[in-house]
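Have a look at the structure below, then the notes.
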Amino acid sequence: MAERSTAAVDVADNSDESSLTAEADQSTADGVAKNRERDTDSDEVQESTGTDGAGTTSPPELHSGHKLARRYRLEECVTRLDGFSSWRAVDEKLRRAVGVHILPADHSRARSVLAAARSSALLGDPRFVQVLDAVEENDVVYVVHEWLPDATELTTLLASGPLEPYDAYQMVSQVSSAMAAAHREGLAHLRLNPNAVLRASTGQWRIRGLAVNAALRGVSSDTPQRTDTEAIGALLYAALTQRWPYESDAYGLSGLPKDIGLIAPDQVRAGVHRGLSELSMRALVNDGATASRHESPCTTPEELVKAIGEMPRIRPPEPAFTAPPEYQRTTYQQGTYGRQTPRPGVTQPVPTPPPPLQSRTGKALKWAVSALLIAALGLGSWQLADALMDQGGKNEDPGQTQTNDGNDKSPKKPISKPIAIKGAQDFDPLGNDGSENPDEINRLYDNAPGTYWETSFYTSADFGRLKSGVGVILDLGKVQDVGKMTVSFKGETSVELRAASGAATQPQSLEGYTKVAQGAGTTVTLKPDESLKSRYLLVWLTKLPLTEQGNYRGRVVDIKVTS
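Quick note, the working numbering runs 853 ahead of the 1-based positions in the sequence shown.
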């Protein structure tokens, strides 16, 4: 990894270093501006800790200004604990702020930290704070990760009160789906707490320290999926109640009253969303305590994602409408600009305007207009009479007859008919798992205007620069003449129509489909330039619109195909 990341940064060698240092100085925490990362081992009474200690290894003697690999300049130490330290640093190659974890190469956990960092880097999911480098050199092991100065920890957000239902719903949805993707790749977090969950300025929730934070502190679990699921339940509980769901205080939150056990969020605080309250209990309690609510517990992030999908979707709050201020007429608009201001208490006479067109010039103008109208009417009447006489003469001519020999050689336009869509399949050949919300695919052609199929969310309109596009494959049942396709979107979307011409079987790669049309908008008509015969059509989305949540995702409402 060190060789790969170092070779990719030579293009930035000539950038202005002073601007980089100023940017880095604005941030003072492990990925979050003005919010130090805290050691929370003493707060997390529910997690299990590994038995391997740090031994007698002492942390490396480092100081501000020290450089690693002649590239990463250390700026400020934000954590020093158990034989390792975490720093805010500057990547002088790419001119950006980064975070660095450092520990001695002979530390008892050095090998596991390197393995965890490299595995996390291979995931490449934008919902996680990315590991940029993991290196062992000069008797030191260090892990470099992204620095997010515009993000805010959940701990900071909860300091001012619980989250609104919509914000809590977005948090648990995004965190659950991200952890489900991580566990599918064999990665667990094991230290998922309010310090590890961040909300970016775009509204997207991101997770830092995947696998690495647990490896640094020697945390392990025999049931990693259950551990992370319970942690997500605790995050949702805290977001709804501003209380930590255990007796001990943690992360700046008060714990529950002692000797009463775990009670549902809607019993802790009035006005809590009932569905989210039950969801947090299903994730937190895995020993059957949720039986009274007739809901089965969730023991894995996948089960939690499924439970969220079965809930009614929580809509964002309506924006508050502020009435515009009453229109104030100015002195200039009232026609008194430059006039003497009347004295108080004195009524000013209002001058009566003269009748329109009563002057000598006005009378002459009226006569001129009247003469022009009379002349125009006379000319028009003469032209109409002349045209009628010519038409009558043509009709009375006995030498002319209208015949129809029935040999009309003009070609007839083919009649356009709708083509039924026999099936559809999500198509994500460039993604991690090759899947993109397959459960909603039938909404593409259900003729229901209120339903739609949507992609996953991304950090930018170009899919976070992770891939060139995503789409759906339509099966027309047999090879047919395709005249055009009409696609309706929520939000302005760029789209291409690709076809597998004459293919007897459905191609499984993007190269198997040829682009025949493209367009952009909310309702796009895609018409091939040449005649097209195909059974399999690919609707390929290339640019996504911005959603109300501040992220980017494509939403296809309806697709119509005609011959």
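Even for Gly, the Cβ is constructed at its ideal location relative to N, Cα and C. A quick note: this is a predicted structure, and the numbers were derived from the prediction, not measured.
For residue i, three-class secondary structure by DSSP
i: M1338; result: strand
i: V898; result: For V898, the pLDDT reaches just 35, beneath the cut-off of 50, and the residue's location in the model is therefore unreliable, although a value from the coordinates is still provided. Looking at V898 - three-state DSSP - the assignment turns out to be coil, as it is neither helix nor strand.
i: Y1099; result: coil
i: D905; result: Low confidence applies to D905: its pLDDT is 44, below 50, so where it sits in the model is not reliable enough to give any reading.
i: D1075; result: coil
i: P1020; result: It should be pointed out that residue 1020 corresponds to Asp in this sequence rather than to Pro. Here D1020 sits in helix by DSSP.
i: K1320; result: coil
i: K1386; result: strand
i: D1411; result: strand
i: P1015; result: coil
i: Y1090; result: helix
i: D986; result: strand
i: D925; result: Inspection of the sequence shows that residue 925 is occupied by Tyr rather than by Asp. Correct three-state label for Y925: strand.
i: S1234; result: helix
i: T1005; result: strand
i: W1393; result: strand
i: V1125; result: coil
i: G1162; result: helix
i: G1108; result: strand
i: Q1120; result: helix
i: Y1405; result: strand
i: G1372; result: strand
i: A1352; result: strand
i: R1037; result: helix
i: D992; result: coil
i: T1378; result: strand
i: K1270; result: coil
Outcome for residue i when other beta-carbon atoms lying within 10 angstroms are tallied against a minimum of 16
i: A1004; result: buried
i: I1113; result: exposed
i: P1118; result: buried
i: L1045; result: buried
i: H1008; result: It should be noted that the sequence gives Thr, not His, for residue 1008. T1008 should be labelled buried.
i: R1061; result: buried
i: S1054; result: exposed
i: P1077; result: buried
i: T1375; result: exposed
i: R923; result: exposed
i: H916; result: exposed
i: D1238; result: Residue identity check: residue 1238 is Ala in the sequence provided, not Asp. The residue is exposed, with fewer than 16 neighbouring Cβ atoms inside 10 Å.
i: N1300; result: exposed
i: V1222; result: exposed
i: I1227; result: exposed
i: Q1057; result: buried
i: R926; result: buried
i: S1029; result: buried
i: T1304; result: exposed
i: T1082; result: buried
Residue j beta carbon less than 8 Å from that of residue i
i: N1295; j: T1308; result: no
i: V982; j: R1059; result: yes
i: T1415; j: T1378; result: no
i: P1271; j: K1413; result: yes
i: A1277; j: Y1405; result: no
i: G1124; j: P1165; result: no
i: K1396; j: D1334; result: no
i: G1407; j: L1394; result: yes
i: D1281; j: S1341; result: no
i: R948; j: L1010; result: no
i: S1269; j: G1372; result: no
i: P1018; j: Y1104; result: no
i: P979; j: L1329; result: no
i: G1324; j: L1283; result: no
i: V984; j: A974; result: yes
i: P1169; j: E1401; result: yes
Near the ligand ADP: residue i beta-carbon under 7 Å from a heavy atom
i: Y995; result: Annotation note on the ligand ADP: not contained in the displayed structure, which lists no ligands.
CB contact below 8 Å: residue i versus chain B
i: A1277; result: In the displayed structure, chain B is absent; only one protein chain is listed.
Exercise for the section: Report yes or no: do the segment 947-967 and the segment 997-1014 share at least 3 C-beta pairs separated by less than 8 Å? Expected result: Three or more pairs of CB atoms, one per stretch, sit closer than 8 Å, so the segment 947-967 contacts the segment 997-1014.
Practice task
For the segment 928-961, list the beta strand (DSSP E) runs that are entirely contained and at least 3 residues long, ordered along the chain.
Solution key: With a minimum length of 3 residues, the continuous beta strand (DSSP E) runs that stay inside the segment 928-961 are 937-944, 949-957.
Practice task
Give a yes or no on contact between the segment 1008-1018 and the segment 1090-1102, applying the rule of three or more CB pairs nearer than 8 Å.
Solution key: Yes: at least three Cβ pairs fall under 8 Å.
Practice task
Spell out a yes or no on whether the segment 1148-1158 and the segment 1120-1140 are touching, meaning 3 or more CB-CB pairs, one atom from each, closer than 8 Å.
Solution key: The segment 1148-1158 vs the segment 1120-1140: in contact.
Handout entry: alpha helix (DSSP H) runs contained entirely in the segment 1275-1314, provided each spans 4 or more residues
Key = With a minimum length of 4 residues, no continuous alpha helix (DSSP H) run stays inside the segment 1275-1314.
Exercise for the section: Spell out a yes or no on whether the segment 1349-1367 and the segment 1379-1397 are touching, meaning 3 or more CB-CB pairs, one atom from each, closer than 8 Å. Expected result: Contact between the segment 1349-1367 and the segment 1379-1397 is present, because at least three Cβ pairs lie under 8 Å.
Exercise for the section: Pair every Cβ in the segment 1062-1069 with every Cβ in the segment 1031-1044, then say whether three or more of these pairs are closer than 8 Å. Expected result: They touch, by the three-pair rule.
Practice task
Decide yes or no for the touch test of the segment 1017-1024 against the segment 937-944: beta carbon pairs closer than 8 Å, at least 3 of them.
Solution key: The segment 1017-1024, when compared against the segment 937-944, does not touch it at the 8 Å Cβ threshold.
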